[in-house]
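Data first, discussion second: the structure below is written as structure tokens.
Protein chains: 2
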Amino acid sequence: MIDRIIQKIKDKGGRMTIQRVTILELLAKLDHPTAEEIFQYTHDRFPSLSFTTVYNTLKSFKQLGVIQEYYMEERSRFELSEKPHPHFHCLQCGCLNDLDPGKITIIMDETLEEELAPVDVELFLHGFCQDCRRNEDKS
Amino acid sequence: MIDRIIQKIKDKGGRMTIQRVTILELLAKLDHPTAEEIFQYTHDRFPSLSFTTVYNTLKSFKQLGVIQEYYMEERSRFELSEKPHPHFHCLQCGCLNDLDPGKITIIMDETLEEELAPVDVELFLHGFCQDCRRNEDKS
DNA sequence: ATAAATGCAAATGCTTTGCATTGCC
DNA sequence: GGCAATGCAAAGCATTTGCATTTAT
Numbered sequence: 005m006i007d008r009i010i011q012k013i014k015d016k017g018g019r020m021t022i023q024r025v026t027i028l029e030l031l032a033k034l035d036h037p038t039a040e041e042i043f044q045y046t047h048d049r050f051p052s053l054s055f056t057t058v059y060n061t062l063k064s065f066k067q068l069g070v071i072q073e074y075y076m077e078e079r080s081r082f083e084l085s086e087k088p089h090p091h092f093h094c095l096q097c098g099c100l101n102d103l104d105p106g107k108i109t110i111i112m113d114e115t116l117e118e119e120l121a122p123v124d125v126e127l128f129l130h131g132f133c134q135d136c137r138r139n140e141d142k143s
Numbered sequence: 005m006i007d008r009i010i011q012k013i014k015d016k017g018g019r020m021t022i023q024r025v026t027i028l029e030l031l032a033k034l035d036h037p038t039a040e041e042i043f044q045y046t047h048d049r050f051p052s053l054s055f056t057t058v059y060n061t062l063k064s065f066k067q068l069g070v071i072q073e074y075y076m077e078e079r080s081r082f083e084l085s086e087k088p089h090p091h092f093h094c095l096q097c098g099c100l101n102d103l104d105p106g107k108i109t110i111i112m113d114e115t116l117e118e119e120l121a122p123v124d125v126e127l128f129l130h131g132f133c134q135d136c137r138r139n140e141d142k143s
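So the protein sequences, as listed, match chains Y and R. All the letters of the first sequence, read from the start, carry residue numbers 5 to 143 under my numbering. All the letters of the second sequence, read from the start, carry residue numbers 5 to 143 under my numbering.
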């Protein structure tokens, strides 16, 4: 799967560096990481990898269409995906979780679709995640 | 309508000042303004109104449940509304437009709704607004 | 060879905070 | 009168930029 993404990046004229591969692997491993989380993890294996490179790379990946960026209340979160899909966002801890797209149907008026020609559709449910609700119960 | 909102703010223990009324009126008048846009407009009629007060007030209004804040790519946009509703967001100019909720239906699996108990649902269509498409055609 | 990617330091820009003053209820 | 709101200056923090160096293709 990562190989396919690397190929796509190269096909579009992007270059692969150790830094970029490391960031790509982290994007596959972590769950909707922030730029800082990516930096922290890379720092372990790759101390010279800079924050600037994390940002440059994420921006580049985004333009190449291999990742999504979600602008959450707290900060941006990233995801290895070509299209946005529905998410649950916790109002307390700020975590982001994928939702099964099969369990949510969005029906749009045809005239609206033609008129606006949306490039993509973003949907968030906001609430309190299980972990946060569990901790709330204890107190 | 503004009177009703003022009443709600007071009922919840908030106080009304000239600054707050001015900001409230601007929220009613402007279309999804940013904090800066609000500040610019208030500055005309009310030069002493500070940026801090704009931010304080928006934060307070949000906690009191009279406005919504949308975290867009460019910056936050605000809206006089108790609940979020569907929007169209322009990928070029960053403008935000209300969508007729009647033209978009979101159907959620019952089990999902019970499990997550979402507080609210946010939906964005991303694309290019009419103005931006028109300008694009000219070039 | 050349155009892209890296990484440092510095800058930017939005937003928040501390705190003394003001003013609503 | 008491507590919330104001507004100034300063700080905070995520993200971006300039630029010289390195490196993939």
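Note that beta-carbon positions come from the ideal geometry of N, C-alpha and C, so glycine has one too.
Problem - Three-state secondary structure (DSSP) of Arg1(R) - result: Here chain R comprises residues numbered 5 to 143, so residue 1(R) is not present and cannot be evaluated.
Exercise for the section: Identify the contact partners of His130(R) in chain Y, using a Cβ-Cβ distance below 9 Å as the criterion. Expected result: Correct list: Pro88, Pro122, Val123, Asp124, Val125 and Glu126.
Practice task
Can you grab the Cα-Cα spacing for the pair Arg81(Y) / Thr61(Y), in whole Å?
Solution key: 14 Å
Handout entry: Positions along the stretch 66–83 of chain Y whose CB lies within less than 7 Å of some CB in chain R
Key = Residues are counted here when their Cβ sits less than 7 Å from a Cβ of chain R; for the stretch 66–83 of chain Y these are Tyr75, Met76 and Glu77, given in chain order.
Exercise for the section: Using only alpha-carbon positions, find the residue among Glu119(Y), Met5(Y) and Met76(Y) that is nearest to Cys99(Y). Expected result: Taking each of Glu119(Y), Met5(Y) and Met76(Y) in turn and checking the Cα distance to Cys99(Y), the smallest one comes out for Met76(Y).
Problem - With 16 other Cβ atoms within 10 Å as the buried cut-off, status of Val123(R) - result: Exposed.
Problem - Where the beta strand (DSSP E) containing Phe128(Y) begins and where it ends - result: Asp124 to Gly131
Problem - Gly18(Y) versus Leu31(Y), Lys63(Y), His47(Y) and Met5(Y), residue with shortest Cα-Cα distance - result: Lys63(Y)
Practice task
Would you kindly work out how many angstroms separate the C-alpha atoms of Pro37(Y) and Phe55(Y), rounded to a whole number?
Solution key: 14 Å
Exercise for the section: Give the residues from the stretch 34–53 of chain R that approach chain Y closer than 9 Å (Cβ to any Cβ), ordered along the chain. Expected result: none
Handout entry: Contact set between Lys107(R) and chain Y, taken where Cβ atoms lie within less than 8 Å
Key = Met112, Asp113, Thr115 and Leu116
Problem - Beta-carbon proximity check, Leu95(R) vs His130(R), cutoff 7 Å - result: yes
Exercise for the section: Determine the closest residue to Glu119(Y) out of Pro105(R), Phe92(R), Met112(R) and Asn139(R), with distance taken between C-alpha atoms. Expected result: Phe92(R)
Problem - CA nearest to the CA of Ile27(R), picked from Gly69(R), Lys14(R), Glu78(R) and Tyr45(R) - result: Ile27(R) has its Cα closest to that of Tyr45(R), out of Gly69(R), Lys14(R), Glu78(R) and Tyr45(R).
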